[in-house]
Amino acid sequence: MSQSAHPGTAERPLRAAIVGSGPSGFYAAEALLSRAGLAASIDIFDRLPTPYGLVRGGVAPDHQNIKGVIRIYERIISGPRVRFFGNVKIGRDLQVADLHACYDAVIYAVGNESDQRMRLPGEDLPGCHSATEFVGWYNGHPDFTHLAFDPDVETAAVIGVGNVAMDVARILARDSGELAVTDMARYAVDQLAKVTKLKTIYIIGRRGAAQAAFSPKEIKEIGALKNADLIVGDEQVAGLAGKDAAAEGWDIETKQNVEFLVRKAAEKPAGKPRRIVVRFLVSPVEFLAGPDGRLGAIKLEKNELVPDGKGGMKAKGTGTFETIEAGIAFKAIGYRGVPLPGVPYDERRGTIPSVEGRVVEDPETRKLVPGAYVVGWAKRGPSGLIGTNKTDSIATIESLAADFQPGQTPPAVAKDARAEAMPELLTSRGVRWVSFEDWKRIDEEEVRRGKANGKIREKFVNIQEVLKFLGPA
Ligand code: NAP
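Numbering-wise, this note's numbering comes out as the position in the sequence shown, counting from 1, plus 1.
Right, here's the structure in full:
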């Protein structure tokens, strides 16, 4: 290949596709665009007509400050070297081979669309839900708008003590007036406004207070809710008061969590309408039906902490059980990736297998898929805050840039690297893709509708409705 045809030069910029328009995809685009000595043009794809992934469909509606990162993504996507192709689904509108034909590099930033199962009896009872579904539902994510939730029960339970569990508990606890001004889907605001019976929300952790996965900021916010008291029984923090964090090997977050919970345990509840009750060292072992056939209670086994052999502590059942009432439950025990047609998938981890961000066919053989890369949760699993994706995406782009360095044979070269190749292909297949300009129209309309209802935004919650609003391309 002649030097002038080498992808990444000014005459022949590297053509990159990023599949997924959430944080990891945007940080990959930013890292690639800012790479000195590597000229690139980028097309970002999303199966939804709207960009921003979990920032739009996952971040809680009462956490608008977190959604502020969208301003950074907007700057990236509106740049001259980036295009957006929304409403384009891999496996339906495009195959992986189409991507490799039009792009030198394909970067998967598809996140984790599903969730972990507990594999417990009664897990599929009506009223026993995954947090992923509830979060998608209240955020108006088109995949989940058809679902129904009825939290108008006396007692709810959230399983898991990570930040998703905090989001779910907080949304359940809030007064509906607090939610009515956010960008929460209208139907969810209406449904939650009808909740009158709910008094108790359990948060259930299988390990102890010093192993909780929530951030100090999130548990403190729970402790400061207008509509709910955070109840921490003395026994939940037994033996933790006054412990030396350094001697215990606690990081700063663990130290802050423990200190806060110990302080809370000493406080008297203010008698607010709802209570969020923290229960540590218990694991659900069965979801039990009530007389109406819906979830009525959860059988819990008390746990003790034992060394996990990796320097940490794990939960071990003690054989002592108790049953708590719960008319609805949300499992917030972690997300999980789903396979993408034609893309390698690590069944065990629920991720796309990779070595230093380069996709491999199989985690065992580590045989590289030329020109394929992965970032974000699809690469490392569902951990970290939004900003964690930045360093992770930069690392993958380091690998990509090394592969496409001038003077060496690139791992892959697009057969048709013309900018028009993708629009032509999609048009020939009758795909109505959503451009960035289209998205701006959607965005303006959502804000306009929101304003009319005293809200930040009223989202389109249905793909057909978005396409009807946009009209033909
Ligand atoms: P997470 O942080 O991994 O927490 C999962 C929780 O579920 C842990 O408490 C875990 O306990 C528990 N769990 C897992 N399997 C279980 C089982 N079989 N039985 C009982 N409990 C089980 O996951 P996440 O809450 O889904 O959050 C995902 C990522 O998004 C995290 O990095 C989180 O910080 C981030 N996030 C951030 C925000 C925010 O900043 N506001 C909001 C939402 C999410 P063990 O520790 O014992 O495994």
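Each residue gets a CB set at the ideal place from its N, CA and C atoms; glycine is no exception.
Since the model is a prediction, treat every value here as computed from it, not as a measurement.
Three-state class that DSSP yields for residue i in the structure shown
i    : result
Y139 : helix
G58  : helix
A29  : helix
G112 : coil
F461 : coil
G161 : coil
K221 : helix
A194 : helix
G451 : helix
S5   : A caution first: S5 carries a pLDDT of 48, below 50, which makes its placement in the model too unreliable to give a value.
D125 : coil
A174 : helix
I398 : helix
A17  : strand
L513 : A query on residue 513 cannot be resolved here, the shown segment of the chain reaching from 2 to 474 and no further.
D94  : coil
Short Cβ contact (7 Å threshold) for residue i with residue j
i    : j    : result
A40  : P14  : yes
A330 : L296 : yes
E447 : R430 : no
R350 : G382 : yes
I77  : F46  : no
G358 : A396 : yes
T183 : P62  : yes
L426 : W434 : no
V360 : V376 : no
T156 : E348 : no
Q192 : P217 : no
D103 : D417 : Before going further, note that residue 103 is Cys rather than Asp in the sequence given. A contact, by the Cβ cut-off of 7 Å.
Of the residues the options, the one placed nearest residue i, counting alpha carbons only
i    : options                : result
A170 : F135, H101, F145, D144 : F135
E219 : R48, D404, V162        : V162
A17  : P50, A61, V83, R72     : V83
D176 : D151, A194, N164       : A194
R276 : A298, A229, E326       : A229
G141 : A415, I464, G377       : I464
A373 : S394, D393, A413       : A413
T319 : G312, V307, E326       : V307
Y336 : E114, H7, A11          : E114
G69  : Y53, G80, P81          : Y53
K380 : R419, V339, G408, F405 : V339
T201 : G328, S394, K391       : G328
I19  : A11, S79, Q257, A106   : A106
T133 : D144, L126, G123, D125 : D144
V432 : L126, A248, L468       : L468
G312 : A271, T321, E249, F288 : E249
R442 : A474, D417, R419       : A474
P152 : G137, A174, I160       : A174
G234 : L262, R72, I67, W251   : L262
For residue j and residue i, the rounded distance between their alpha carbons
i    : j    : result
T324 : M167 : 22 Å
I387 : P24  : 7 Å
K303 : V286 : 10 Å
V196 : A181 : 14 Å
D99  : I205 : 46 Å
E236 : K90  : 50 Å
Y203 : A158 : 5 Å
A402 : D439 : 31 Å
K198 : Q65  : 28 Å
Q4   : T410 : Note that Q4 scores 40 on pLDDT, short of 50, meaning its location in the model is unreliable and no value can be drawn from it.
K368 : P345 : 11 Å
F461 : L241 : 47 Å
G455 : L226 : 22 Å
G59  : H130 : 16 Å
L471 : A415 : 31 Å
E445 : I232 : 42 Å
V238 : E260 : 10 Å
Y109 : H147 : 28 Å
R449 : P81  : 27 Å
M2   : P8   : Reliability fails at M2, whose pLDDT of 41 lies under 50, so the model's placement of it is uncertain and the value that follows must be treated cautiously. Taking the straight line from one Cα to the other gives about 10 Å.
G408 : E12  : 15 Å
K391 : V56  : 14 Å
Distance between beta carbons of residue j and residue i, contact taken as under 8 Å
i    : j    : result
P364 : P354 : 4 Å
G87  : L34  : That pair is no contact at about 20 Å.
M119 : K332 : 6 Å
T255 : A211 : 6 Å
I398 : A29  : 6 Å
G21  : V111 : 4 Å
M423 : D44  : 6 Å
R207 : A316 : 4 Å
L341 : G92  : 7 Å
E124 : F288 : 6 Å
Near the ligand ADP: residue i beta-carbon under 6 Å from a heavy atom
i    : result
P383 : Although the ligand ADP was asked about, the structure shown includes only the ligand NAP as ligands.
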